[in-house]
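J.: Sharing a structure below in structure tokens format, with a few things to ask.
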Amino acid sequence: MIRHVLGVTATTAALLVVPAHAASAAEPAAARTTVTFSDTHEILHGNPYTGTAFDVNTHRTPGTPGYTFTNDPGITDFIEGTKKIPADADVVRLQIAWADFEPDDGVFVWDRLDAFMKRVNEQGKKVEFQLLMSEAPDYKNDPGVFPYEYPPAWLFDKAGVPFRMAPYNDYFSKQPIYYNPIYLDRLKRAVDAFAGRYDGDPGVAWVDLRAFSLFGEWSGWNDAMNFPWPDNATRVATLQAILKIYDDAFDKSMVMMQNAGAEVNKNDPDADTQAKRFSVFGYDKAATFKNWGVRSDTVNAGFVWHNYGDTSQAPYVNRRLRRDMIQVSEGSNWDNPTIMLNNPRLFVKNSLEGYHSNLQGINNTGFENWQPMKDAYGEWFETLARYTGYRFLMPTATYDTEVKPGGEFRISHTWTNNAVGFSPRRYPVEVRFTDKSTGDVVWRGTDATLDQTKLFKGDVRQINSAFTLPADLPTGSYDVAVAMLGEDGKPAIELAMPGGKGKVYPIGAVQVVAGAVQAGLPTTPLTQFTIQNEDYTAAVGAYGVEAPPEGGLGALYMDAAGESAEYDNVDVPATGTYRVEFRASSEEANHLKFEVDGKEVTTVKVPDSGGYNTYRTFERQIPLTEGRHTIKLTRPDGRWFFLNWMRFTLERPESVTLQAESATEQQGTQNTDLTDSDDGTPGVAYIDTGDWSRFDDVSVPADGKYLLQLRYSTVNDKPLKFRVEVDGADATGPLSLGPTGGMLSPRTEDFVLPLTAGKHSVKVVWIEASTSVVWNWMRLDLQGTSEQTVEAEHWTMQWNTDQEWNWKGADTGVVTKDGIVGGIDPHDYLRYENVFVPYTGMYKVTFKGSAAEDTTFRFEVDGDRNTVFVPKSDNANMTTWVKIPAGLHTLRIVSEGSGLELDRFTLTASTAAIKALDITGASTLKVGEPGQLSVSTVAADGTRTPVTKGVTFKSSDPSIATVDADGLVTPRTWGTATITAIHDGFSGEHKLTVTDPKVVLTYVNDTDQRIVYPADDFIYSPDRGMGDYGDDVHAGWRAGQAVEFTFTGTGISLLSERYSDMSTIDIYVDGELKATVDCDSPVRLTAQRVFQLTGLPMGDHTIKVVNGADKFLIIDAFVVETPNTWNGAELGVGNVSAKSVTLTWPSVPTATGYAVFNGGTEVMRVTGTTARVTGLRGRTSYTFTVRPLAAGGTTLPIELSATVQTKG
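Reading the sequence shown from the start, the letters are residues -22 to -1, 1 to 1186 in mature numbering (1 follows the signal peptide of the UniProt record, and there is no 0).
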């Protein structure tokens, strides 16, 4: 594609396959460099169609008539220069009534407004004109409305426009009959006159079509429902006429359609007409206009501001049109104590994550309240200003550093949008060379390929540009810079990049050298886009739910066959095969049908995510064509299913996938259906030692190291090794694979493989296997160098997972001071969105901070968790290793303790030899018998090297087992624990079961009739499939509910569940409060021992569990402990004859007697420790068992047994 821009030829390359950092061996060294840039985190000001709003009208004092634009003293001060628009405000919202500029019929007055606009332009600000042209509120009778006389009095008194007294809150206002031809004529004349003077003025942001309640303006809902239209045709014609007046008048300046805000009564037989009567008609019509946007409903902190129901028109606007029409929003009064200042963070969260606003205001500040408002909202005002609208960043660029006059300059530049809105206009990207000494621009080229109107948060667009340089370009060294240009050809956009001056951003240097050799071509462009699944545009049965535990605004929920969600505004940027990642929470064997434009593409068998509301990513390859499409997701079957997001990444030659079942030739293996796997493709099974699969003509795009990722699952724990041969030569040596835990639990092992550019034969040879593996695919991703640092205070959102919707003061979350993030309490989190990673690879993440005590935090990549151990230190460097795919990602740090402070963290790409830790040792230990753990590093080639220094050990439950600095484990009591070893950022886990031979455990399931449950609001939930004891639980959700269980023993434990919706419970034993247990957890953990009490006197006891809040209390099982006093004892057998035998045993101090069994039949009870069993047959084998008796005659859960042959 060739463009002629400013006299310079620009060529946009669509598919160029040789990476800049890995030229082929036949070429000379590449004169090319790669530069990277992180978001500056600075608040950007002055960009068109976005920013922070400032209400310039003086706020009226209650009980007074207030001011119009004509007599407003604050506006007068601004015009006279004694006041200025605040520097951190971008768009000035001016409410101006019809009567202000046409005080008499046909008489227009512009002097004051001209003077106002002059000042606005001098300050470089923009104005949102809120034209008040409809009903006239009665401020004398309602102190809560604006004082303006909207339509001038002459409209009714002289022009003769009829009106009605319309209901307006608790009074009536004078409202024109909109379909009257005199009204429409005068309205058109006034709007035309206003547009004729200000349309296209550089100081105009847009014109707000405000206060036409018939379109659904919030103050006129009742109006809209009751306006006396004579018939439907008149209503439609009038609405169209009013919209056309504005559309015809404003050719250059944008017009804002006002908010939706109307509810629809579904039981009304005219519900469709009812909906059309409100905003849907207006938005449908306005969406067809080229130059229109959307003013959304009033956003506040009254509740989670995202209506997923089907009665409100707000979802229609906020989800369906958010990719077509920019949205501007307003808040309630800045000092409103019940829906604004009650939770400033939630107001900001709603504005950004719910509405995706391009402009957000906090109402009614005026000059006098701007600073008090900022003081009240603090960091949340800054967060709102930073991420409202669009925020363009070039995170990386690769370009020629040596070029010749008349030759080509090639640059591969990647762009992201790090804010929540988008630009309604396109801005060509300019690249320029500047003389280092004079600052003069010696050359510039422009590429208009980037479409900012379709660049949303979560999207990546990489553009490969090639410019033909002038033949007379002087040789020398020049600075290289980029800019986005406006219609006048001048730099127009502030970017989130460092070093900018005059909206031009330096990126490096270039040498113009006669005879310079052209380097290899850039990589294939990286293209990616993301859909948040709660942003559906239509749904049947499916609905949005609040944020999943891993964060975000919400998720999609479907739990019945036939339910569906539709996304009709998906813009696919390029044709090709996309790797689609689904972030889901599901049981195994759920299905999901994926349709594009009404045609089924695939039906996915969704893998088990690991539990309810626990998320996992699985992927499919789906072909898509460039353009707008409708994607529909349908559930063919039932059961619970959550979907958080879908990420689409265009497949590129730099990532080579070899499907196991598609080998050119294979020996000994057999293809098998593996549609249960993450990508839904078949696989290869029945693999034995010596079997192999060969893939011919594998195209490797460039020399370099490749991340080799092998996807497989195992059916047992037998040893498993393979090697990779390239063109007949061993390229890896033996590579080891570990067990996955079953056929339906696939995993990926990562290795490093050096390759050269060209076509190769790649062979996978199984060195050690015994039909124990199913192999799905192998993927090769080209590696490179990358390092980026993220300052800890540069979070996108922060708070506490337990208080996501609550406000307990400004320090509910973290506190930032002098660039250090501190005040970090348990469950506080920091979220960093749109973090760009240039290629799929292993990244070492190094955190710099400190801790007042040993603690841990979770480092999450798109929800996948990695635990980071922080030692007590004033200056600690903590590390972890993660594999991250190319593209944009959300990173989150979640504290699991107190005393943590963070300065920054760095992501460094590496092909380091170490890729994992392996811990070996006994998996079962007895109380009192220590065990030693050994740690080895696992190299990329699968070899293991013992490590004895620099290892930190942690126990998940020190009450069960402790571990010292040398890996010596001391069992404490029965149960299970996980021992974690940490070394150089890697961690490994060792599952340990502790038994206690001195204790007998009796598990009592929740269905046991001895357990007493509340009569109401306590339910039985069977067949949960979540790992519960007995696969069932009982659950209640009311504060004060109590569950009781009487048992016989010396100890008791409660098995329950830990999760974010679980309650705090009080536990009493024999009437005495023994513990208060918080069952909260960021992840769902079932069958958890949440309480244990030992050392009770042998006998009957009662445990009582009391719910402490209106949250869930779950009873899974009780575990009764009794002392095993017969540990190591034997049942004595003597005096054996043909018909009798004598049994003897040690006494049990707490026993009231003993029961003797012949096989499974009780034959006698005795009080002593001897029994003579008679009535036997000669030469017959018998098994006798003795069990002690508790008070009341029940048997204790211990026994002694012996088998004997009678004489004959």
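Glycine is no exception: its CB is placed at the ideal position from the N, C-alpha and C atoms.
Here the structure is a predicted model, which is why all the values come from computation and not from measurement.
Assuming the contact rule is C-beta atoms closer than 8 angstroms, residue 647 and residue 669 should be a hit. Round their C-beta distance to whole Å, please.
T.: On the sequence shown, position 669 is the one that residue 647 refers to. On the sequence shown, position 691 is the one that residue 669 refers to. Residue 647 to residue 669, Cβ: 5 angstroms. Contact.
J.: So residue 787 packs on residue 793, CB below 8 angstroms; how close in whole Å?
T.: Taking the sequence shown and counting its residues from 1, one reaches residue 787 at position 809. Taking the sequence shown and counting its residues from 1, one reaches residue 793 at position 815. Not really, about 11 angstroms apart at Cβ, beyond 8 angstroms.
J.: If you scan the segment 394 to 428 from start to end, which runs of the beta strand (DSSP E) of 3 or more residues do you find wholly inside it?
T.: 407 to 413, 419 to 425
J.: Is the CB of residue 697 under 8 angstroms away from at least one CB in chain D?
T.: No chain D is part of this structure, which consists of one protein chain only.
J.: Compute the distance between the beta-carbons of residue 524 and residue 22, then report whether it is under 8 angstroms.
T.: As a first step, residue 524 must be located in the sequence shown, where it is residue number 546. As a first step, residue 22 must be located in the sequence shown, where it is residue number 44. No.
J.: For a quick check, are the C-beta atoms of residue 770 and residue 666 less than 8 angstroms apart?
T.: On the sequence shown, residue 770 is found 792 positions in, with the first residue counted as 1. On the sequence shown, residue 666 is found 688 positions in, with the first residue counted as 1. Against a cut-off of 8 angstroms, the Cβ pair of residue 666 and residue 770 comes out as no contact.
J.: Quick one: what's residue 756 bridged to in DSSP?
T.: Locating residue 756 in the sequence shown gives position 778, where the first residue counts as 1. DSSP, once it has assigned bridges, lists 636, 688 as partnering residue 756.
J.: In whole angstroms, what is the alpha-carbon distance linking residue 150 and residue 592?
T.: Position 172 of the sequence shown, counted from the start, is the residue given in the question as residue 150. Position 614 of the sequence shown, counted from the start, is the residue given in the question as residue 592. Distance between the alpha carbons of residue 150 and residue 592: 54 angstroms.
J.: Helix, strand or coil for residue 1167, going by three-state DSSP, please let me know.
T.: Taking the first residue of the sequence shown as 1, we reach residue 1167 at position 1189. Strand.
J.: Under the DSSP definition of a beta bridge, which residues are partnered with residue 862?
T.: Residue 862 sits at position 884 when you count from the first residue of the sequence shown. Looking at the DSSP assignment, residue 862 forms a beta bridge with 819.
J.: For residue 629, which of 558, 662, 547 has the nearest alpha-carbon?
T.: Stepping through the sequence shown from its first residue, residue 629 is reached at position 651. Checked all of 558, 662, 547; the closest Cα to residue 629 is 558.
J.: Since residue 743 and residue 703 should fall inside the 8 angstroms C-beta cutoff, what is the C-beta to C-beta distance between them, to a whole number of angstroms?
T.: Against the sequence shown, residue 743 aligns to sequence position 765. Against the sequence shown, residue 703 aligns to sequence position 725. Confirmed, about 6 angstroms.
J.: From what residue to what residue does the beta strand (DSSP E) around residue 562 run?
T.: Numbered from 1 along the sequence shown, position 584 holds the residue referred to as residue 562. Per DSSP, residue 562 belongs to the beta strand (DSSP E) from 554 to 564.
J.: Within 8 angstroms, do at least three Cβ pairs link the segment 699 to 714 to the segment 823 to 843?
T.: no
J.: Throw me the rounded Cβ distance for the residue 451 and residue 482 pair, which I believe falls under 8 angstroms.
T.: Walking along the sequence shown from the start, residue 451 turns up at place 473. Walking along the sequence shown from the start, residue 482 turns up at place 504. Not a contact, Cβ separation roughly 19 angstroms.
J.: Hey, how far is the Cα of residue 476 from the Cα of residue 368?
T.: On the sequence shown, residue 476 is found 498 positions in, with the first residue counted as 1. On the sequence shown, residue 368 is found 390 positions in, with the first residue counted as 1. Whole-angstrom Cα-Cα distance: 17 angstroms.
J.: Taking 8 angstroms as the threshold, find out whether the segment 94 to 105 comes into contact with the segment 388 to 403 through three or more Cβ pairs.
T.: Output reads no: the segment 388 to 403 does not touch the segment 94 to 105.
J.: Only counting the same chain, and skipping five residues up and downstream in sequence, which positions put a Cβ closer than 7 angstroms to that of residue 223?
T.: Mapped onto the sequence shown, residue 223 falls at position 245. Within the same chain, residue 223 has close Cβ partners 165, 166, 169.
J.: What is the C-beta distance between residue 825 and residue 880, in whole angstroms, given that I count them as a contact (C-beta under 8 angstroms)?
T.: One-based indexing of the sequence shown puts residue 825 at position 847. One-based indexing of the sequence shown puts residue 880 at position 902. So it is a contact: roughly 6 angstroms between Cβ atoms.
J.: Between residue 750 and residue 662, is the Cβ-Cβ spacing less than 8 angstroms?
T.: For the purposes of this step, residue 750 is identified with residue 772 of the sequence shown, where counting begins at 1. For the purposes of this step, residue 662 is identified with residue 684 of the sequence shown, where counting begins at 1. Contact flag unset, no.
J.: In whole angstroms, what separates the C-alpha of residue 988 from that of residue 970?
T.: The sequence position of residue 988 within the sequence shown is 1010, counting from 1. The sequence position of residue 970 within the sequence shown is 992, counting from 1. Near 32 angstroms, if we compare the C-alpha coordinates of residue 970 and residue 988.
J.: Measuring CB to CB, does residue 506 end up less than 8 angstroms from residue 627?
T.: As a working note, residue 506 is residue 528 in the sequence shown. As a working note, residue 627 is residue 649 in the sequence shown. Contact flag set, yes.
J.: Can you list, in chain order, the residues of its chain whose CB lies under 7 angstroms from that of residue 1141, leaving out five sequence neighbours each side?
T.: Here residue 1141 is taken as the residue at index 1163 of the sequence shown, counted from 1. These residues qualify, in order along the chain: 1134, 1135, 1151.
J.: From residue 311 to residue 835, what does the alpha carbon distance come to, in whole angstroms?
T.: Here residue 311 refers to the residue found at position 333 of the sequence shown. Here residue 835 refers to the residue found at position 857 of the sequence shown. Their backbone Cα atoms lie some 39 angstroms apart in a straight line.
J.: Could you compute how far the alpha carbon of residue 161 sits from the alpha carbon of residue 133?
T.: In the sequence shown, residue 161 corresponds to position 183, counting from 1. In the sequence shown, residue 133 corresponds to position 155, counting from 1. Each residue's alpha carbon lies about 8 angstroms from the other.
J.: Closer than 8 angstroms is the cut-off here; do at least three beta carbon pairs connect the segment 308 to 325 with the segment 74 to 88?
T.: By the Cβ rule, the segment 308 to 325 does not count as touching the segment 74 to 88, because fewer than three pairs are nearer than 8 angstroms.
J.: Rounded to whole angstroms, what's the CA-CA distance from residue 700 to residue 687? Just pull it up for me.
T.: Taking the sequence shown and counting its residues from 1, one reaches residue 700 at position 722. Taking the sequence shown and counting its residues from 1, one reaches residue 687 at position 709. For residue 700 and residue 687, the distance between alpha carbons rounds to 13 angstroms.
J.: Tell whether a beta-carbon distance below 8 angstroms holds between residue 587 and residue 598.
T.: For the purposes of this step, residue 587 is taken as residue 609 along the sequence shown, with counting starting at 1. For the purposes of this step, residue 598 is taken as residue 620 along the sequence shown, with counting starting at 1. It is not a contact, given that the beta carbons lie outside the stated cut-off.
J.: Compute the Euclidean distance between the alpha carbons of residue 1225 and residue 1104, then round it to the nearest angstrom.
T.: Within the shown structure, residues of the chain are numbered from -22 to 1186, placing residue 1225 beyond reach of any answer.
J.: When the Cα of residue 24 is compared with those of 513, 65, 221, 18, which residue comes out closest?
T.: Here residue 24 corresponds to residue number 46 of the sequence shown, with the count starting at 1. The shortest CA-to-CA distance from residue 24 to any of 513, 65, 221, 18 is the one to 65.
J.: For residue 759, tell me which candidate among 752, 772, 732 has the shortest Cα-Cα distance.
T.: The residue given as residue 759 occupies position 781 in the sequence shown. Closest option to residue 759, Cα to Cα, is 732.
J.: Do residue 618 and residue 590 have their beta-carbon atoms positioned less than 8 angstroms apart in this structure?
T.: Your numbering for residue 590 matches position 612 in the sequence shown. Your numbering for residue 618 matches position 640 in the sequence shown. It is a contact, given that the beta carbons lie within the stated cut-off.
J.: In the DSSP assignment, what are the bridge partners of residue 737?
T.: Along the sequence shown, read from residue 1 onward, the residue named residue 737 stands at position 759. BP columns for residue 737 point to 677.
J.: What does the Cβ neighbour count give for residue 414, buried or exposed, with the cut at 16 atoms within 10 Å?
T.: For this step, residue 414 is matched to residue 436 along the sequence shown. Counting other Cβ atoms within 10 Å of its Cβ, residue 414 stays below 16 and is therefore classed as exposed.
J.: Check whether the segment 907 to 926 and the segment 955 to 963 are in contact - that is, three or more C-beta pairs closer than 8 angstroms.
T.: yes
J.: Just confirm the distance between the C-beta atoms of residue 1196 and residue 575, as a whole number of angstroms; I'd bet it's less than 8 angstroms.
T.: The requested residue 1196 is not part of the displayed model; the chain covers only -22 to 1186.
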